[in-house]
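All you need for my numbering is the position in the sequence shown, starting with 1, plus 77.
Each residue gets a CB set at the ideal place from its N, CA and C atoms; glycine is no exception.
Below is one structure, written out as structure tokens; the observations come after it.
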Amino acid sequence: DCPPQVFLFDLEFGCSSAHTLPELHDGQSFHVALSREDCVYFIGGHSLTSDSRPPRLFRLRVELLQGSPLLSCETLDTGLSVSSAIITRTGPSHKYIILGGYQSDSQKRMECSTVILDEKGIQFEPLEPPNWTPDIIHSRTWFGGSAEEGSILLG
């Protein structure tokens, strides 16, 4: 195995670069990534070393300098304990809904959250979840995806 890396692709010039960041450790997977301007936020995910889904949030800042990009990564205090969730954008602004997912291997996340990206950073707000059908509540697995702005297909 190798340490996790962040890859940047320059589609205009057809080149790429790989970057190792000390904040990102072995055995981490990330579930949701959202971006606004020069920042990418990694939310939730799964840790293979502890077999858990800690409430995690990283902010990766990318500065495209002449010659070589500069990357910095910061671990933030707030995050969500989630993997395999569905995310949809709710309009032209940087506002999203995260629906469902798993809090552990055997426990679904029957919650909904609003995520707002603005000039101050990232904010999470609880949102009233939908009325879950008995089939969804009692099924072991579920799947879905964003159907369009503000709409989610769930099965």
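Starting from residue i, follow its DSSP beta bridges and name the residues at the other end.
i    : result
E140 : L147
F119 : A110, F135
T210 : Paired residue(s): none; T210 is not in a bridge.
F220 : Per DSSP, none; premise fails for F220.
Q105 : S124
From the DSSP output, in three-state form, read off residue i for me.
i    : result
P203 : strand
H215 : helix
R130 : coil
E225 : strand
K185 : strand
G168 : coil
H268 : The first residue shown for the chain is 78 and the last is 232, placing residue 268 beyond what the model contains.
L231 : strand
L194 : strand
F90  : coil
L247 : No statement about residue 247 is possible, as the shown extent of the chain runs from 78 to 232 and does not include it.
L125 : coil
Are the beta-carbon atoms belonging to residue i and residue j less than 8 Å from one another?
i    : j    : result
L137 : V117 : yes
I163 : L231 : yes
I175 : V83  : no
G144 : R133 : no
P206 : C189 : yes
K172 : I199 : no
E202 : T191 : yes
C150 : E114 : no
Could you check where the beta strand (DSSP E) with residue i kicks off and where it finishes?
i    : result
K172 : 172–176
S161 : Neither: S161 is in no beta strand (DSSP E) and is coded neither H nor E.
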